[in-house]
Each structure stands twice: as C-alpha cells, then as structure tokens.
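Okay, so here's the structure we're looking at.
Number of protein chains: 6
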Amino acid sequence: MTNHAKETAAEAGFYRSDSRAVDQLRPLTLTPGFVRTAEGSVLISLGHTRVLCNATIENGVPSWLRNSGRGWVTAEYAMLPRSTVTRTPRESERGKIGGRTHEIQRLIGRSLRSVVDMQALGERTVILDCDVIQADGGTRTAAISGACVALALALNALVKAGALVKSPLRQLVAATSVGIVGGTSLLDLCYEEDSQAEVDMNVVMAADGGLVETQATAERGTYSRAQLAQLLDLAEGGLKTIFAAQRAILA
Amino acid sequence: MTNHAKETAAEAGFYRSDSRAVDQLRPLTLTPGFVRTAEGSVLISLGHTRVLCNATIENGVPSWLRNSGRGWVTAEYAMLPRSTVTRTPRESERGKIGGRTHEIQRLIGRSLRSVVDMQALGERTVILDCDVIQADGGTRTAAISGACVALALALNALVKAGALVKSPLRQLVAATSVGIVGGTSLLDLCYEEDSQAEVDMNVVMAADGGLVETQATAERGTYSRAQLAQLLDLAEGGLKTIFAAQRAILA
Amino acid sequence: MTNHAKETAAEAGFYRSDSRAVDQLRPLTLTPGFVRTAEGSVLISLGHTRVLCNATIENGVPSWLRNSGRGWVTAEYAMLPRSTVTRTPRESERGKIGGRTHEIQRLIGRSLRSVVDMQALGERTVILDCDVIQADGGTRTAAISGACVALALALNALVKAGALVKSPLRQLVAATSVGIVGGTSLLDLCYEEDSQAEVDMNVVMAADGGLVETQATAERGTYSRAQLAQLLDLAEGGLKTIFAAQRAILA
Amino acid sequence: MTNHAKETAAEAGFYRSDSRAVDQLRPLTLTPGFVRTAEGSVLISLGHTRVLCNATIENGVPSWLRNSGRGWVTAEYAMLPRSTVTRTPRESERGKIGGRTHEIQRLIGRSLRSVVDMQALGERTVILDCDVIQADGGTRTAAISGACVALALALNALVKAGALVKSPLRQLVAATSVGIVGGTSLLDLCYEEDSQAEVDMNVVMAADGGLVETQATAERGTYSRAQLAQLLDLAEGGLKTIFAAQRAILA
Amino acid sequence: MTNHAKETAAEAGFYRSDSRAVDQLRPLTLTPGFVRTAEGSVLISLGHTRVLCNATIENGVPSWLRNSGRGWVTAEYAMLPRSTVTRTPRESERGKIGGRTHEIQRLIGRSLRSVVDMQALGERTVILDCDVIQADGGTRTAAISGACVALALALNALVKAGALVKSPLRQLVAATSVGIVGGTSLLDLCYEEDSQAEVDMNVVMAADGGLVETQATAERGTYSRAQLAQLLDLAEGGLKTIFAAQRAILA
Amino acid sequence: MTNHAKETAAEAGFYRSDSRAVDQLRPLTLTPGFVRTAEGSVLISLGHTRVLCNATIENGVPSWLRNSGRGWVTAEYAMLPRSTVTRTPRESERGKIGGRTHEIQRLIGRSLRSVVDMQALGERTVILDCDVIQADGGTRTAAISGACVALALALNALVKAGALVKSPLRQLVAATSVGIVGGTSLLDLCYEEDSQAEVDMNVVMAADGGLVETQATAERGTYSRAQLAQLLDLAEGGLKTIFAAQRAILA
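First to last, the sequence lines map onto chains A, B, C, D, E and F.
In terms of this note's numbering, the first sequence opens at residue -5 and continues consecutively.
In terms of this note's numbering, the second sequence opens at residue -5 and continues consecutively.
In terms of this note's numbering, the third sequence opens at residue -5 and continues consecutively.
In terms of this note's numbering, the fourth sequence opens at residue -5 and continues consecutively.
In terms of this note's numbering, the fifth sequence opens at residue -5 and continues consecutively.
In terms of this note's numbering, the sixth sequence opens at residue -5 and continues consecutively.
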C-alpha cells in the first residue's frame, strides 16, 4: 500500500468488503491450456471474476487488408447467461449484439493490436474470444490481460511450428480497472464497488509503461485532473503485478 | 463389458482409439458449484467433452401458462467458439440461432420437463443454460445429464429456503449417445467415432428405466430393429453409471 | 386390423374420433403435377392434412462440397398461416425461423439424403419445399412421403432430358407417425389424438424395410421398450400402404 | 371485344400467346372453402395464376385503434418458393420482407379497407393471407379479388353466428391488371406479356364503379393521358366479369 | 389559378390554411451543393418539407447486370427521427426497413431510371439517398424532383471529368402530389391537408410531358374518372413550375 | 495560441492544412431551431463537420425506472450515407447497428446524463438524435456540444409551458477532440489529421471545469502521462470557446 493510498483510505475511514488495501489487486491466477482445442487458451481469474480467453489464428485477412502483406487482430466478448447473479439473456437469442458488448470487444481488439507487428504477422487474422464464466467486476480489463497471454501462446506455437521466424508480439499489454468510491481511489473494483463508484476508469498499458488506452467516466458528478492522476498511479501499481503474472506463465 | 458386446467387438476386430471397451463410458466427473452466481451449477466432463450446466429459477411463466398454477422448464444450448478444433462462429454475431442449436435445446428442454411436476413447481420458470466449453462428441446428451443435476441443486435450494415443501423433481433423468461404427455397436461415441458412424442414437432415460426420448439416425444406409435393440442395450448399461454419478453428487 | 391391434383397442374400449382402426391410415392421395412451375410437384393429402411438396434441382452445391463431385439434398418446411385452426404468424414477419421448423426441415432433409446416391447426382442441389396447406397432425411425416415422390419425379425428368443416365434415387423413403393415446398404440395420429398422446413417434423407413430415422418422445411419463416395439410394428404396417401409393404414382 | 380494342389489335397485328382478345380475361374460377381451417377461404385461379386467400378475424385491434370502437383490416402476401419457374428463396430464410412484398401487401390492405365499415366491424382485426401457389402475372390483383370473397365469407359467418347484426362489407371490391405491350393495350397480362410491357397498370375498383386505387407505371419510356384512359376502359370491362364471379360465389 | 380551380374552390368555400390557391405550389427552393462530400447534392425545400438528395456514382452494377454493359439507378429514402412532429423511431434501431419506406424508395428508383440511358451510363450504379430533414407532406414527390437534380449534377461532373462523353440523362423528371380534400381538388398537399384527404395522388412526369408513374389512392370512399382527370390537370400545372426550378439550377 | 502550443509546433515545424494554430478550434456555429418539428433543435457546424442535434421529450421512462420518480436521457447517433466522401451504407439496410455507432451513442448519452438532475426531470425520457449531415472529424464530440444546447432548449420550453418549475439541466456540458499528429499535440482534429494521428483523445467536460469523460487511445505506439496532460491542456482551452458559444445561444 503506497503512503498516499493509506492516507486517503484512513481519512475516509474506508474499508473494502474483502478487506483489501485500496491499492491491492484481487488474487490473480492465469491457467494456460484451459481448453485443448484452441491454439492459445488461458483462463484468467481475478477474485471471483473468471474469463476464458482463447486465441484462434486463421489464414487470410478482412477484405480491406487483402494483398497488403499485413495481418489483423480482433476480439469477441460475451458473458455466459449465469456469469451474473441475475441471468443475462443471450445475445444470440435477442438476435443482435448490444452496445456494451460492442464497446468492450472494440476495446479489447484495439488494445491487442497495439502490441502486434502486423507486417511480421503477415496475412493472418487472430481472433481473441473472451467468454466470461463468472463476473464480479473488471471483466473487460481481465479479458485484455488474459487475451494477451492466449495471443502470446498461439503466436509462440506458430514460431515453434516454423510458420514464423519470431513472434510478432512486440511486448505484453495488460489492463486494470480503477475507480473512486465514496471519495476514495481504489485499484481493481469488484462488482459491488463498481456499482457504487463515482468514477470508473480502465487503464490499458504496454509492458514498457506506455499508455495504450485510458477511459475515465464520471458516473456521478465530475472528476478533477488531480483525481485522474491519482487513479493512474494506482493503476500503474496494479499493472506491475499483472505483467509479472503474465511473464511467469510465458517463461 | 457384456458378453454380447465383447463378442461383437471381437468379431469385428474393433479397437477404440482410446482403448475403451465397446460398452465402456468415458471418464465422467460432475463438478457442482462450478460458478457461484447460479442457483444450481454443474460442470460435466465426459472424456474431453465439458459442458457447463447452470440452472436459473425465475418467478413467472410464459404467457400461455399464466394463471394455470403450473411451471415451465426450458433450456438453452451454445458452444463457445473454441470448444471445437476449428473455430465455430458465434450465433450472436450471425444474428440467429442455427437449426442444430434449436434441435438440441428443444431436446434438452423436453427431457428435463419429463421429470418435473409442473403443478408442484408452481408458476416458476427454470432455464437450463448448457454451454459447451470443450466438445468431443456427445455434448447434447452430456448436457442433459449435467442439467438434471443443476436442476436438482436449484430445486433443493428452493426447498431449503422454504419456498417449496418438497422438490418437484420426480426422478432423475440422464442421457447417452450410442452408435454403430464400422458395423460395431458402441457406447458413448467420441467425436472421431461419431464422424464415422453409420448410425447415431441418443437415448434419454428416467432413473426408473422408463424411456423419455430415443432418436436413432442412419448416417449411411439404414439400420434394422435388431440393431436398434442392441444400441438400447448398450445405452442402458452406460446410463446406470451416469445415474450413479448423479446420485453421488446429490447425496 | 392386426390381431394385436384389435385386442389392445378392445381392452381399452378405445374408439377413434373418425372411427378408424388403431392400425389404419387416414385416406391418402398423392396428386402429382400440382403446380406446373416446379421440376417435381406433389400434393399429399392424408385425411385433412395437406402438404404441397415441390422439388427444385439447381446446378452447384454448397461451398463445403465444391469440387467433390457430389451433390446435396436439402429441405425447407413452412406452414401457411391458416393451415392451422388458430392463425400461425409467418416466420418471415417474425424475421426468424423457429425451433420447430428447424427441427422438421432437418429431419426431412436427412431422410431424403439417405436414399440418394450423391455421387450419381453430381454437383447439383435438390431443394424440397414442403408447404403445409392444411394441418391435422403428421405434417412432417407426410412431407417426407410426399417429398420423396416430388424428388423422384424431378430426377426422372433429368434422366428423360438426358442430363443423367439413371436416377440417383436408390430406393423410396416414406414416413409415418405413431403414438400412444390413453394407453393404446395408434397409427397415423390426427391433431386431436396427437395433442393427447402420451408418446409420439416418427418413423422414417426405406422401401427395403431398413430404418432411416426413429424418434420417440414421451409427452407424459415414460415408455417401455415393449411399447417402442409395438409402435414400430404399427408403423411398418402403415408404411407398406404409403410405399404402395408412391409406387402407383411413379409407375 | 369492344370496337376500340378490336381496332387497336388489328392495327398492330397483335396476337396474344394464348389467343385471347386484347380485352379478354383469362379463365377465372373462385373455389370457396379451399381450406376448412380458416373463417373465410377462397382459391382464385386466373389462367395459371393461383392465389389462396384466407381470412382470419381476431378480436382486438392494433394499439393505435384501442378504445376507438373501430376495427382494422390488413393483408399479408407471400409467394411459395416454387410458384415461380425459377425458385424464389423464402423471405423467412432471408430474415426480412422484401420491398416488392411490402408494396403488394400494403396495396391489398388499402383496397380491402376501402369497402369495410370499420365502425360496424367493431374492435376486430381481419387479416387476409394471400399466398401465391402458382404465379403467371397479376398475382396482386388476383389476391385483391380473391381476398374480397374470403373477407365476405368470414364476415357472413360472423353474422350467422350472431356476433354482428349485418356484414360490415359495404360493397365488393376487385382488381385487374392492364398494360401496353408492343403499343397495344391489353387486359389481364400474363407473366410473359407483363415482362415485355411498356406500361403496367393495376386498377382497383369498387362494385359501384368508383375507383379505389389506380397505379400506372411506365416500364419503358412514358405514357400519355389518352393511353391512361384506354387502359382504364379495358380494366372496367374486365372488372365487370370479376364482380359477376364474386357475386356468383356469394349468392 | 386556373378558371376551373377558382370555380371549384369558390363553390366549396374552400380556403387553404396557408391561403394558397388550389392550384398553387408551396414556395420551392433547390440548394445545390448542400454537402460537399457527395458527387451531386441538392436540398429541396417545398414549404416546410425539406429533403436532402445526394447522388453517389459507384463503379460496378448488381450481379444480374454484370457484363451487360448497362448501368443501374437505385434510391434509398429515410426520415430523420425528428423530421416529424412526433418522433419516428429509426429503422436501424428496429432492425428492418418498413413497408412505407420500401414503397417510397422503389417509386423514387423507378422514376429516376425512366429518364436515364442505361447503355450510355455503362456499368455504373447511381444511388440516390433521399433523407427527409423536415416533413410536411409530399416528401416522396419532393425527393424525386430533388434527386433528379442531384443525379444531373453528378452525371455532369462525370462528363466534365471526361469519364463520359455526354450525360446519360435523357430528360428531367419531376413529381408532385395532388389530392381531394373536402371535395376540392388541390395541388401540393401539406401534411394537414394530406391527413384529411379523400383522395391522394402522386404524379411523376418527364419534362416532355410524358407520364412516368401515376398513383391515385382513395383514402375515404372512391373517386371517379372525372376527378382523376382533374387531379392530373392540377399536377401538370405544378410540374411546370418544378421543371423550371430544376432547369434554373442546372443552367 | 498558448506559449506551450506555439513552441511545440515551432519545434516540429508543424503546419495544419487549414493553417490553424495547434490550439485553435475550427470555426464554430450553432444554429438553433434548425427544424421546427423538434422540441429542441440545433445544427452544430465545426469547420466542415455538421451535426443536426434534435431533442425529444417523451412522457414515461424505460421499465427499470418506472415508479422511481426519476427521468432518463439517451442518445442516438447516425451518419447520413453521404456525410462521408465515400458512401457509408445505412445501418437500417444492414439490419443492425454497428459497433462504432453503439460506442458513440453510449458516450453521448452518458455525457448528457451527467449534467441532468433526473429527480427534477421526473418520469420523462429525453432522446437526443444526433445525425451527421457532413463529416470531417470530431462528429461525436460536436454531437455532445450540440446536443447539450438542444437539450437545454427543450427543457426551457418545458419550463415555459409550466410543466417544470425550473430546468433540470444543472450545468452545460461540451466536448472536443484532441490528438497527437507527427509528434505534435493538436486541438480539434479534422478528418485528415485524425486519420494520421498517433493518439486520439475525446474530452467531455462540464461548464464548471469538472471532467465527465476522457478517452485517450493510442492509434500507433503508446503515449506518456506527460502527453496526456498536454492534451488535456489543449482540450480545456478549446472547451472554453465552445461553452461561450453555447451560452451565447441560450442567453
């Protein structure tokens, strides 16, 4: 717990429902090879949040990239109906993808594309399927952190098979949520915290510390630039832990 | 291995890729409470086939049952895109449910309804979500066997909570696939066997031995009534094992 | 009426609303050339059930069969809105095909494919459109029996036109429904009987007596293997009549 | 054949493929009670064009008419896939109603509404299902002429049942197509003529001679007001025959 | 005001809400180049009705015209949600195009195709997007008159660019609505008049006076051929004004 | 031009295609009452970007808010097909809303909700329709700035009509895009700049300076916290101009 975090929490008399420190990540595990059917497969668990991330590599690219010599990386995200405490109807039954799903899978896709050398990938498409088995907040950021490992495993397999000389993954990418609840800035919000947050932020970062995407939304009122900076501090701390876990699997 | 099965296999010089006897089920495990978000949750593993079965109990019934005092049980079935060796596109992306999915979820629903006392359930709807995590043949029958346990757990919870005096589940129901491959009748086909089968059959049975649904399809040529009887013999043997596993979880 | 059938009905004091014997088919007529626009066209009437079966032969096959030298046979099934006593909304208006329709057209397609030599058909696709003009039970099995004749007519026309040396239809296929109502096994259920049935079964058989598809569903309670055998006996009797009617048209 | 028509045809040296006079309708038959499941049912045959028109009367009206005391009349139109020489894919499979279908069913609905006293009908909805069994030109106008009889039969049945004191049908309505082919004005175009027409016109008329809808479209070039008048003359002649046929059925 | 019009109005003691004569068009302006992004762009204002008409010329034609050497012209029509006094939900949100939209865009497409030499256009497709900014009656006819100018501008640009030797537009086309309100025939109905009309008519005419499409619908009761002629007289008068405005822009 | 901005641009030898300073907004105009059919209507022009923002106020709220006493604010966004240099197909024709549209209309909705007192609004729904007439970058942020004025006008009208005592709009909200192009931070990117940007950021701010939403996306490589701060500086400058323009209209 950083000094800043400790003080803020102390002032606010703030205690998290699972007794975590304000700058503490929930228990994180990455299970590689969760299914044997996919080229790269990882189950990421972050507290009760569990997302299955499977990477598929297909030959060919969307039409607008044909004959460009460049590859493409895209993502699909879905929640199993009972990943949530109240059942969420299937989007296949409704016949269309909802706005939240679209927003999330576009974020995952952009995040992963930021660390792949498309020229080195060649005219291949990587699809990252992120299916939420159990949801307790932070599913989209967990999906990014897990999908990055699934992607790395699938690309490594392609190198091992001799199809690529070296992996087109330039560096790792990971993501975390941060937020302000009751005036206190917190790392890695669980669902209960998320639903009470005044500010909700997702931070996607590359392993070299460069920012890939930051999205901070005021759910109630507004926020200041000082608060934005504080949230970024917290996120950077959490992301170090996630990068370490990713590296441990890929070592 | 029954005498009949042994002889048939011997004659045909038939060996299964995983060295199973013709009347032997793949290793079966039922993991209750796989997710904590659902009222009843079971992961069923049958060899490499893994299906997550979650039961949801909602108040209210479809419009045609309103004010009838009777409940309803229905099922939804889906495959995760990488449950298969070649990626299967999501039905949510295609915007519609395919014919195979429709056929399967109707079978699961009918099978479960056959063992529930709808009057005792009252005006509640049970939805059984069966999501295939990994597919290696027999997903629809595994879904029925797993969903029955998820349903039992959810109904038991309702009894424990005092909402019902006793469980409306009259008896257990389970299902297995059988088939004829290269002239030999086999219990519990894996994907490789299934794709070569001349006859493919699904048998749904109640715990008292009564048949709930039998579907036998000739994939190549036709089959005789004698072959149909032989397949039913094999299925009955396998179903005893499955009922025992279900009872062990619910004990 | 077989002895067995007579005794069963006698014991049960069972009388059918249209005074038929338990093993008696409803009046069956096959009208070839019902429309002049289709390559093969048959209206099948079975009591009040009337299904128009039209066969279309198109050059080319679905993508997964291209350059295989093999053909494909598929079916589509629909009910006119007022084929039913209460109007059934159009699936075109709802924007999607329902589960029952999917299940039925898959059954019709499988049944017809079982008797066609796809190599001899060559890279052609046969589409069997089965449209229910009036529904009184047994529409899916009537559709199979009628579609087989429409298919035969269309293939014969191709032979006559010199496009094929001989018809790729290896043998005829037909189907009937059987069921148990009030404990009595009955052949060819009308709608009223079907809606009260404890067990509902569809039997698809080739002309040589080989079984193509059998589907027996318990609508209330369960059924025994003895009952299954009895239903198959009844079905075999009815199917002889249907095959005779098909042959009469094609002679 | 009117003097005018004879002269025009003579001048042009025009002969119709079926040897009809330019002002002659194709053979017309109306078969009431074609299905027994609908409140009103008529098969209209006009040469090779055959349209099944079924009327459904339901209690209740669309939301914008609730509590107005007024009824509603609407129509749905569809072609069976093999009503056409080349198979027309089903709109249910495509998942949406096409523009031509929309245009036609709106025309049928407007035409029938023009002759119904909505106040007298009360809060009921009449749906006229017009399904083309075989198409050889003029299906939309045949549908109007047939649907009017189906509507009359259904309303008469309501009167007979005591639900209405008298039929809310104020008068009959009928329709025909006319057009200009090779410079000659023709009554009741068959498909072959329709596909070569320079001008294609649909005329909907009430039995008292009042016009309900006239739509004249130039398919090639334009047309003059004199030609429009000539087409209306031809249409009036044909419509007399159609009204007589309708009256014969309803007598 | 023609003598006829004056008399009719006088007899009926008829006054239009905006004090127009019965044969007077609302103020008409055509604003070329309303957007700079389209090849041809015109905003047409007719009283409060405002429709933005943009022409797009794309290489290639629909599949059924490929290698025919001929071009294609088509139209799309939509209303902005608040073009109407009560908000009209978007068809993109509903997931399908409604019947009225289909009917209108088919009319616009046919009207424009009637004046284009498809051989001279070559294998190009012109799409005319007609988007209603504000609706006060007559949007479909305004769309035709505006789209014709957008089409002319886009084709002229193609000539100027050297892609075509001369414009394939053979002549101008324009449209107007006419109708009968309270027994009086009126030119160019505004929404208030349109909603009270007994007869509603759209007249599409080419610049040489030839008729392209006439559609007259009885909204209440029926109409006579004399009334039809009177409406055509009124339309011809209004169309002269519209053609003059079109020519002024294109000069 | 701030000192910082001047220096950065000078160092980079950076010139914008329209000669703007790096911290200069494009010409901004807000046209209130652009359509007379909507309760609140504003056309916002920002350089060549033009978005029509119309506010609708309807009684009632979505089901999850019923009987809460609280209101709801939502947005819909669409591009006219020829708002873009290459025609963009309509989402109504494709039958579904795309991911980008979903993402944008969710952003607009959240932004506007942040400044509305839902309790004071009562059980009413405000829909903000944002239709892009011409697109040259920054359409989503222009939509927010324009929609805020349309919303204010519609709420003021409700106050004037006596339906509300005072406007539930707590303060104004506005948005701008900023980005990094060729290493230089720029305010208000046009399309050409946007398509070359390394970082693209949207900043939504309330009139009191509080942040509502910040989204910064690396399109190529990553960005640092220092760059993020610089972009926020630029955005704050531009937003002052936009707030002034909003206030001028509402005064």
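The beta carbon of each residue, even a glycine, is placed where N, CA and C say it ideally should be.
- Message: Give me the chain C residues within the contact set of D:T31, using Cβ-Cβ distance strictly less than 7 Å, ordered along the chain.
- Response: As a working mapping, residue 31 of chain D is identified with position 37 in the fourth sequence. Under the 7 Å cutoff, chain C gives R76, S77, T78, V79, Q128.
- Item | CB contact below 8 Å: A:T119 versus chain B | Taking the first sequence and counting its residues from 1, the one referred to as residue 119 of chain A is at position 125. Not an interface residue.
- At a cut of 8 Å, does the segment 199 to 208 of chain B reach the segment 60 to 71 of chain B through at least three beta carbon pairs? no
- Give the residues of chain F in contact with E:G204, contact being defined as C-beta atoms less than 8 Å apart. Translated into positions along the fifth sequence, residue 204 of chain E becomes position 210. The contacting residues do not exist; E:G204 stays about 30 Å from chain F at best.
- Within the same chain, show all residues whose beta-carbon is closer than 7 Å to that of D:L152, passing over the 5 residues directly before and after it, in chain order. As a working note, residue 152 of chain D is residue 158 in the fourth sequence. Once the five neighbours on either side are set aside, the close Cβ partners of D:L152 are I51, L158.
- Is B:Q190 buried or exposed, if buried means 16 or more other CB atoms sit within 10 Å of its CB? Looking up residue 190 of chain B in the second sequence gives position 196. By the 10 Å Cβ count, B:Q190 comes out exposed.
- Query: Taking contact to mean at least 3 C-beta pairs separated by less than 8 Å, is the segment 111 to 125 of chain A in contact with the segment 135 to 144 of chain A?
  - Reply: yes
- Every unbroken alpha helix (DSSP H) within the segment 96 to 123 of chain E, with a cutoff of 4 residues, ordered by chain: 112 to 115
- Task: Less than 8 Å between the CB atoms is what I'm expecting for C:R100 and B:G93, so what's the real figure, rounded?
- Result: Here residue 100 of chain C refers to the residue found at position 106 when the third sequence is read from its first residue. Here residue 93 of chain B refers to the residue found at position 99 when the second sequence is read from its first residue. Confirmed, Cβ separation roughly 5 Å.
- Task: Can you tell me the Cβ-Cβ gap for F:S179 and F:Q221, rounded? I've got them flagged as a contact below 8 Å.
- Result: By 1-based counting over the sixth sequence, the position of residue 179 of chain F is 185. By 1-based counting over the sixth sequence, the position of residue 221 of chain F is 227. With a Cβ gap of about 7 Å, F:S179 and F:Q221 count as contacting.
- Task: Spell out whether any CB of chain F is found under 8 Å from the CB atom of A:K234.
- Result: Counting from one through the first sequence, the residue named residue 234 of chain A turns up at place 240. Judged by the 8 Å Cβ criterion, A:K234 is not in contact with chain F.
- Verify the CB distance criterion: does D:A238 have a CB-CB separation below 8 Å to chain E? In the fourth sequence, counting from the first residue as 1, residue 238 of chain D sits at position 244. It does not: the Cβ of D:A238 has no partner Cβ on chain E nearer than 8 Å.
- Message: Between the alpha carbons of D:S108 and D:I98, how many angstroms are there, rounded?
- Response: In the fourth sequence, residue 108 of chain D corresponds to position 114, counting from 1. In the fourth sequence, residue 98 of chain D corresponds to position 104, counting from 1. Approximately 16 Å between the Cα atoms of the pair.
- When the Cα atoms are used, what is the spatial distance from F:L46 to A:T78? The count along the sixth sequence starts at 1 and reaches residue 46 of chain F at position 52. The count along the first sequence starts at 1 and reaches residue 78 of chain A at position 84. In a straight line, the C-alpha of F:L46 is about 39 Å away from that of A:T78.
- Task: Taking only beta-carbon positions, decide if C:T50 is within less than 8 Å of chain H.
- Result: Any reference to chain H falls outside this structure, whose protein chains are A, B, C, D, E and F.
- Task: Grab the span of the beta strand (DSSP E) containing D:S179 for me, first residue to last.
- Result: Against the fourth sequence, residue 179 of chain D aligns to sequence position 185. 178 to 181 is the extent of the beta strand (DSSP E) around D:S179.
- Message: Please give me, in chain order, every unbroken run of the beta strand (DSSP E) with length at least 3 that falls completely inside the segment 196 to 243 of chain A.
- Response: 205 to 212
- At least one CB of chain E closer than 8 Å to the CB of D:R104: is that the case? The sequence position of residue 104 of chain D within the fourth sequence is 110, counting from 1. Yes - at least one Cβ of chain E is within 8 Å of the one on D:R104.
- To which residues of the same chain is B:S218 closer than 6 Å at the C-beta, ignoring the five residues directly before and after it? For this step, residue 218 of chain B is matched to residue 224 along the second sequence. Answer for B:S218: no residue qualifies.
- Message: Please return the same chain residues whose Cβ sits closer than 6 Å to the Cβ of F:Q209, not counting the five positions on each side in sequence.
- Response: The residue given as residue 209 of chain F occupies position 215 in the sixth sequence. So the qualifying residues of the chain are N196.
- Counting along the chain, where does the alpha helix (DSSP H) carrying B:C256 start and finish? Past the boundaries of the shown model lies residue 256 of chain B; chain B is included only from -5 to 245, so the question cannot be answered.
- Using the C-alpha atoms, what's the distance from C:E186 back to B:G27? In the second sequence, the residue the question calls residue 27 of chain B occupies position 33. In the third sequence, the residue the question calls residue 186 of chain C occupies position 192. Each residue's alpha carbon lies about 44 Å from the other.
- Step through the CB atoms of chain D and report whether any lies within less than 8 Å of the CB of E:G63. The residue given as residue 63 of chain E occupies position 69 in the fifth sequence. So no, E:G63 is outside the interface.
- Can you tell me where the beta strand (DSSP E) with D:I174 in it begins and where it stops? Here residue 174 of chain D corresponds to residue number 180 of the fourth sequence, with the count starting at 1. Start and end: 167 to 175.
- Using a beta-carbon distance cut-off of less than 7 Å, what residues from the segment 136 to 152 of chain F approach chain A? none
- Message: On the CB-based measure, 16 or more other CB atoms within 10 Å of its CB, does E:S13 come out buried or exposed?
- Response: Translated into positions along the fifth sequence, residue 13 of chain E becomes position 19. Exposed, by the Cβ-count rule.
- Query: F:T80: buried (16+ other C-beta within 10 angstroms of its C-beta) or exposed?
  - Reply: The residue given as residue 80 of chain F occupies position 86 in the sixth sequence. The residue is exposed, with fewer than 16 neighbouring Cβ atoms inside 10 Å.
- Identity of the residue in E:H96, E:Q165, E:Q240, E:M199 nearest E:V110 by Cα: Here the question's residue 110 of chain E lines up with position 116 in the fifth sequence. The shortest Cα separation from E:V110 among E:H96, E:Q165, E:Q240, E:M199 belongs to E:Q165.
- Task: Using 10 angstroms around the beta-carbon of E:A245, count the other beta-carbons present and answer buried if the total reaches 16, otherwise exposed.
- Result: In the fifth sequence, the residue the question calls residue 245 of chain E occupies position 251. Exposed, because fewer than 16 other Cβ atoms sit within 10 Å of the Cβ of E:A245.
- Query: With a Cβ-Cβ cutoff of 8 Å, do E:E213 and E:V193 count as a contact?
  - Reply: As a first step, residue 213 of chain E must be located in the fifth sequence, where it is residue number 219. As a first step, residue 193 of chain E must be located in the fifth sequence, where it is residue number 199. Going by C-beta atoms, E:E213 is nearer than 8 Å to E:V193.
- Query: If you measure beta-carbon to beta-carbon, which residues of the segment 199 to 227 of chain C are closer than 9 Å to chain B?
  - Reply: M199, A200, D202, G203, G204, L205, V206, E207, T208, Q209, A210, T211, A212, E213, R214, G215, T216, Y217, S218, R219, Q221, L222, A223, L226
- Query: If you scan the segment 6 to 34 of chain D from start to end, which runs of the beta strand (DSSP E) of 3 or more residues do you find wholly inside it?
  - Reply: 22 to 26
- Task: Answer with buried or exposed for C:Q113, where buried requires no fewer than 16 other C-beta atoms within 10 angstroms of its C-beta.
- Result: As a first step, residue 113 of chain C is located in the third sequence; it is residue number 119 there, counting from the start. When all chains shown are included, C:Q113 counts as exposed.
- Message: Can you pull the chain C neighbours of B:G93, defined as C-beta to C-beta under 8 Å?
- Response: Start at 1 with the first residue of the second sequence, and residue 93 of chain B comes out as number 99. Near B:G93 (Cβ distances below 8 Å), the residues of chain C are I91, H96, E97, Q99, R100.
- Item | C:I38 in three-state terms, based on DSSP | The residue given as residue 38 of chain C occupies position 44 in the third sequence. It is a strand residue.
- Query: Considering only C-alpha positions, which residue in the set C:L233, C:Q240, C:G116, C:I243 is nearest to C:Q18?
  - Reply: By 1-based counting over the third sequence, the position of residue 18 of chain C is 24. Nearest C-alpha to C:Q18: C:L233.
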